[in-house]
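Undergrad: In our numbering, the protein residues as written are 3 to 176. A virtual CB, placed ideally from N, CA and C, is assigned to each residue, including glycine. Computed from a predicted model, the values in this text were never measured in an experiment.
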Amino acid sequence: MKDQELLRYSKQIMLPQIDIEGQQKIMDSTVLIIGMGGLGSPTALYLAAAGVGHIIIADFDQVELSNLQRQIIHQTKDIGEDKVNSAKNKLIELNPEIKVTIANELVHTGNLSSLVKDVDLVLDGTDNFESRFEINKACVEFEKPLDSAAVISFEGQVSVFKGYEKDQPCYQCL
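1. Determine the closest residue to L49 out of N97, I15, V160 and R134, with distance taken between C-alpha atoms.
2. Look at the Cβ atom of L125, then the Cβ atom of I35, and state whether they are nearer than 7 Å.
3. Is the beta carbon of M38 closer than 7 Å to that of A89?
4. In the DSSP assignment, find the beta strand (DSSP E) that holds F163 and state where it starts and stops.
5. Can you tell me where the beta strand (DSSP E) holding I104 begins and where it ends?
6. Taking all protein chains shown into account, do 16 or more other C-beta atoms lie within 10 angstroms of the C-beta of E157, making it buried, or fewer, making it exposed?
7. Specify, as a first and last residue, the run of the beta strand (DSSP E) that I22 falls within.
8. Helix, strand or coil: how does DSSP classify I81 here?
9. Buried or exposed, going by whether 16 or more other CB atoms sit within 10 Å of the CB of G42?
10. Please state whether DSSP places Q170 in a helix, a strand or coil.
11. Can you tell me the Cα-Cα spacing of Q159 and Q174, whole angstroms?
12. Can you check which of these residues, R134, D122, M3 and H56, is closest to A151 by C-alpha distance?
13. Ordered along the chain, which non-local residues of its own chain (more than five positions away) have a Cβ less than 6 Å from that of T32?
14. Closest to V54 by CA distance: which of K27, K139 and K168 is it?
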């Protein structure tokens, strides 16, 4: 680990649960975030700040004025821009040492395999059951942990699923 990385991540490295070895694992990780909305955008910022080495962001939408009060990765100047491009720029600005790949498309059965197969973790920030079930299916097929989150009004939920393990339910099992 370079001196700049040791300094950047020093507060995490000091935690005995992380230390240098754990930070290196974080830096070597690839995380797929599906949805750059109210859940995906702050998650992406925190993962970039933590040093996740490769973040893949998937979304098909453009930034709108009504997004700005909850999708904190985007700014007024980004209105009309594709969310993935806006987000990528902010993530690289926050941490130029990471790699950010974009998938400027609607996630569906036809493209999920290529997105999910080589990642370490999938974060689902979508807002409909059809997408969540398709993402879950791909995670089970490729044996990837799925972190699924949802928010409506003042309530939220987050769960981690390892449906590929015999004693663990998948998202659709619930």
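TA: Walking through what the data contain:
1. Looking up residue 49 in the sequence shown gives position 47. Comparing Cα-Cα distances from L49 to each of N97, I15, V160 and R134, the minimum goes to N97.
2. One-based indexing of the sequence shown puts residue 125 at position 123. One-based indexing of the sequence shown puts residue 35 at position 33. Taking 7 Å as the Cβ cut-off, L125 and I35 qualify as a contacting pair.
3. Looking up residue 89 in the sequence shown gives position 87. Looking up residue 38 in the sequence shown gives position 36. Cβ atoms of A89 and M38: closer than 7 Å.
4. Locating residue 163 in the sequence shown gives position 161, where the first residue counts as 1. Run containing F163: E157 to F163, per the beta strand (DSSP E) assignment.
5. Sequence index remark: in the sequence shown, residue 104 carries index 102 (1-based). Per DSSP, I104 belongs to the beta strand (DSSP E) from K101 to A105.
6. Within the sequence shown, the letter at position 155 stands for residue 157. Flag for E157 reads exposed.
7. Locating residue 22 in the sequence shown gives position 20, where the first residue counts as 1. Counting along the chain, I22 falls outside any beta strand (DSSP E), though it belongs to the alpha helix (DSSP H) covering D21 to M29.
8. Residue 81 sits at position 79 when you count from the first residue of the sequence shown. Looking at I81 - three-state DSSP - the assignment turns out to be coil, as it is neither helix nor strand.
9. Counting from one through the sequence shown, the residue named residue 42 turns up at place 40. G42 should be labelled buried.
10. Indexing the sequence shown from 1 puts residue 170 at position 168. Here Q170 sits in coil by DSSP.
11. For the purposes of this step, residue 159 is taken as the residue at position 157 of the sequence shown. For the purposes of this step, residue 174 is taken as the residue at position 172 of the sequence shown. Taking the straight line from one Cα to the other gives about 15 Å.
12. Your numbering for residue 151 matches position 149 in the sequence shown. Ranking R134, D122, M3 and H56 by Cα distance to A151 puts R134 first.
13. For the purposes of this step, residue 32 is identified with residue 30 of the sequence shown, where counting begins at 1. So the list reads H56, V121 and D122, once near-sequence residues are dropped.
14. As a first step, residue 54 must be located in the sequence shown, where it is residue number 52. If we check each option's Cα against that of V54, K27 comes out closest.
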